[in-house]
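Numbered per mature numbering (1 follows the signal peptide of the UniProt record, and there is no 0), the sequence shown spans residues -21 to -1, 1 to 709. Even glycine gets a Cβ: it sits at the ideal position worked out from N, Cα and C. Each remark here refers to the structure printed beneath this line.
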Amino acid sequence: MKLTKISLSMAACLVNTQLYATVELDTVHVKGNTKSVLSGKYEFDQKNLTTKLQTNSNVSDALVSLPSVRVSNNKNGNTLGEIAPQNISFHGERYYNNNFMLNGIGINDNVNPIGLGEDSLLKSDMTKTIDPQYMPAGHPQAFWLSTDLVDTLEVYDRNVPSQYGNFTGGVVNAKLKEPDFKRASGSVSYRTTRDAWTKFHLEGQYKNEFYRANSPLLQPKFTKHEYTIQLNQPLTERSGLLFAYSRQQSSVPQHQQYLHKWTNRYRRNETLLASYKNELNENNRLTINGIYSTHQADEYLENAVDGRFRLSGGGFLTNIKWENYNVLGLLTSELAYRNNRNQTKYDSDTLYRYTKTKSIDWISDPNTGEATKGGIGKRYTQQQSLQLKQNLDFNKFEIGSTIHEMSAGWEWQQNTSRLKQPKLAKQYAGAADYYKGEVFNIENCTYCIPKEQYFKYRVHYLPIDGKVKHNRFASYLQDKIVWNNFTFVPGVRFDYTQFTRKWNIAPRSYIDYNLLGKDQTHLIAGFNRYYAGDLVDYKLRSAFNFEDHYNRESYNSPWELDRSILHIAYKGSKLKTPYSDEINAGISQKISNSLWTFKWVQRNSKDQFMTQIDSDVKPQQRWLSNSGRSKHNTFSLEIESIEPIDLSFMALKWQFGVAFNKSKTNQTNDYTQRDWKDYGITKMLHKDKLQSIEYLPARNFNTPWKGYLQLESYFPSLNLNWAQRINSER
């Protein structure tokens, strides 16, 4: 049985009643750009974001209502104490194949984006056992940014401009808040929720299991807090500074069943933003941003003493942007540097596997009588990126009866990724409480508990240091051509990636027809190709060292090397860059004070990363291949009010949407999955029918139907925005 329903009405109420310590101008209602929504761009300003009903204040939660977005099918109310952004999939693409950006700078994890799994939760195996070939847990987003720090959120889910690359899913660009020159201002916000305000609807025997909380995936107790502080200070009439700090934290107790105690697992995500902006003159603007954003979570080896380990991630990013208006148009030049890491650090660098004796007052496994203590030290991955890019938006010009808006640009990235275990880690096992058939009662011993037990086996996990360089270069060109009632947007992007040593050409184009020229009816169609970013996971895993296994004959004998073991050898391979071809069509129609939009999007993905395995050699070898394929169709209808309905005491807006999607794939998991053909499997039984493995439904992120209805009310006398939303998925 499972948790079937969650009510969070109190938390939702707190979200909607945040008050900010700033003076606000009269409300201005802005009419949306229907052509942008139809063509594939969504844009949310801060006001839109504050009315989004989010479990946590992050970018992912703000997007889950989009018709093209799916979240994990396993998402439920079992783990309400977590603060990690949930993973999202655009049009059935892999959740780690999106491009998340801050101010146009990528913040994607190219090392181990699947580390926290599809549900953004640490895999339970990590708390039950030690995997000597583990990678520190990553997440598709290296920085977990709060939407409180975002000025505008741009989302492209189809017809993505040629300016953007390194994805096959969607593009999410968070534009951070910038200084305001007009006046000094500040704001403080606070949000909280907890289990006492939550009603869990549980069925059958699952209720008792849930409240026992013996698993990290069962969280009947939790407390969450969110804080944001912002300070804006003008320096001159043309320059200013902005400082902002955001923090999310939670406490999630877990019961250690055999230790008979509760352990508090803490989570924290904090971001410090500093922004300087200077309008040097009428034609030049300089912006400098610095962001330090880290997150961490405390976990415990189940029923182990001193078994705490901390997962941490994030880092810092800084960029300098110069905008120059010249005779050609707007030239934007940017220099950015990013440094982030994911780390797993145990409180101890030595793991002891004792047997139960009189001084050992705990037990980790009653079946084996083992009592575990300690951990295996520290290991981290690191990404460093230096990026330089320029974009030129040309002034509008005419050729004959056509109007042109051209843009062109280039970008260069120097990327270095690293895997490092700085120190030797050890494990002691084979604890013996008998010696030569008698109870061990010797005091003068080594690696032992005198008169109780001694260790017979030892494992050394040797230091690791691996490094991969994967530089990239790209250039692009795009033109927006308007002729009569037609708008045609052709573009092309050229990419070179050192990771695959390939040049890739990605055509982009769509056409919009304004029927009758009255801006009432628009027809649109597009064809585009998108290439994925780098994935250096296996290349870094090739740096894994052998384990040295030692044993000894008695309680005071020296250790002797028995064997060196490498369980799995990862190696590089010749790869193509995964890509996705997109075909889309749509129509939008204004009816009275409402806008109706119907869209169809098809994604056909090829050369997706999967794993090849050779088990006939020792050690077993694994490498990436391009065996993955998928096909996805999304049909959606969205209806929304164009202008707010002005009542005597409030202004009311409404939105309604419904979407249907269907996926077929030979890759039901992630890139660690092996191609079914390697097992000699060509067909599988699905819904009582044998189907080709080429056309299996996706296993996750594949909810066929989703719908929503949202009402947004604004009460001028109270300066209060109140959003109510009903979501349905099946």
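Same chain only: Cβ atoms within 8 Å of residue i, ignoring 5 sequence neighbours per side
| i | result |
| --- | --- |
| Tyr237 | Asn282, Trp341, Ile342, Ser343, Asp344, Pro345 |
| Ser338 | Ile428, Glu431 |
| Gln112 | Arg520, Phe523, His546, Ile547 |
| Thr661 | Trp655, Ser671, Ile672 |
| Val515 | Asn89, Val90, Ser396, Val447, His449, Phe478 |
| Ala702 | Asn(-6), Thr30, Lys31, Leu32, Gln689, Leu690, Glu691, Ser692 |
Local Cβ density within 10 Å of residue i, reported as buried at 16 or more and exposed below that
| i | result |
| --- | --- |
| Trp462 | exposed |
| residue 714 | Since the displayed the chain opens at -21 and closes at 709, residue 714 lies outside it and no answer follows. |
| Gly11 | Only weak support is given to the placement of Gly11: the predicted model assigns it a pLDDT of 40, under 50, and the value that follows is read from those uncertain coordinates. Its Cβ having fewer than 16 others within 10 Å, Gly11 is exposed. |
| Tyr75 | buried |
| Ser567 | buried |
| Thr215 | exposed |
| Ala153 | buried |
| Asn698 | exposed |
| Leu669 | exposed |
| Arg191 | exposed |
| Gln392 | buried |
| Glu377 | exposed |
| Gln209 | buried |
| Glu417 | exposed |
| Gln184 | exposed |
| Tyr651 | Sequence inspection shows Thr at residue 651; the Tyr mentioned does not correspond to that position. Exposed, by the Cβ-count rule. |
| Ser68 | buried |
| Lys256 | buried |
Close beta carbons around residue i, own chain, < 6 Å, minus the five adjacent residues each side
| i | result |
| --- | --- |
| Ile621 | Asn572, Leu574 |
| Glu708 | Thr682, Lys685 |
| Lys20 | Tyr135 |
| Ala387 | Leu371, Leu456 |
| Leu545 | Phe525, Pro598 |
| Leu314 | Ile299, Leu367 |
| Asp593 | Gln600 |
| Arg246 | Ile62, Ser229, Ala276 |
| Trp241 | Pro232, His234 |
| Asp625 | none |
| Leu502 | Tyr492, Ile566 |
Strand pairing of residue i, partner residues [DSSP]
| i | result |
| --- | --- |
| Asp165 | Just to set this straight, residue 165 is Gly in the shown sequence, not Asp. DSSP output for Gly165 lists Leu210 as bridge partner(s). |
| Val515 | According to DSSP, which records beta bridges pairwise, Val515 is partnered with nothing at all. |
| Lys200 | For Lys200, which the question treats as bridged, DSSP gives no partner whatsoever. |
| Ala408 | Tyr436 |
| Gln227 | Glu205, Asn248 |
| Asp344 | Glu349 |
| Trp241 | His234 |
| Cys424 | Paired residue(s): none; Cys424 is not in a bridge. |
| Trp482 | Tyr475 |
| Asp130 | Answer is none; Asp130 lacks a bridge partner. |
Cutoff 7 Å; reference residue i; Cβ partners in own chain excluding five residues on either side
| i | result |
| --- | --- |
| Ser327 | Asp285, Gly353, Gly354 |
| Asn243 | Ser230, Pro232 |
| Asn138 | Ser18, Gly19, Tyr489, Gly505, Asn507, Asn563 |
| Thr647 | Leu675, Ala677, Arg678 |
| Asn318 | Gly294, Phe295, Gln363 |
| Gln634 | Glu619, Gln689 |
Contact check, residue i vs residue j, beta carbons under 8 Å
| i | j | result |
| --- | --- | --- |
| Gly94 | Ala116 | yes |
| Tyr436 | Arg451 | no |
| Asn483 | Leu554 | no |
| Leu221 | Glu157 | yes |
| Tyr479 | Thr425 | In the sequence as presented, Tyr is not what sits at residue 479; that position holds Thr. No, they are not a contact pair. |
| Arg170 | Glu133 | no |
| Ser225 | Glu249 | yes |
| Asn66 | Asn78 | no |
| Leu181 | Phe189 | yes |
| Leu403 | Tyr440 | yes |
| Gly144 | Glu72 | no |
| Val580 | Ser47 | yes |
| Gln400 | Lys459 | no |
| Trp602 | Gln587 | no |
| Thr311 | Arg332 | no |
| Tyr279 | Thr108 | no |
| Lys203 | Thr172 | yes |
**OP:** Flag this pair as touching only if the region 527 to 540 and the region 505 to 513 have three or more C-beta atom pairs under 8 Å; answer yes or no.
**Re:** no
Original post:
Counting pairs of Cβ atoms below 8 Å between the region 292 to 310 and the region 365 to 377, do you hit three or more?
Top reply: yes
Original post:
Counting Cβ pairs, one atom from each stretch, are 3 or more of them under 8 Å apart for the region 603 to 616 and the region 537 to 548?
Top reply: no
Original post:
Pairing CB atoms from the region 164 to 180 with CB atoms from the region 86 to 93, are three or more of them under 8 Å?
Top reply: no
Subject >> At least 3 beta-carbon pairs within less than 8 Å: the region 28 to 43 vs the region 125 to 132 >> reply: yes
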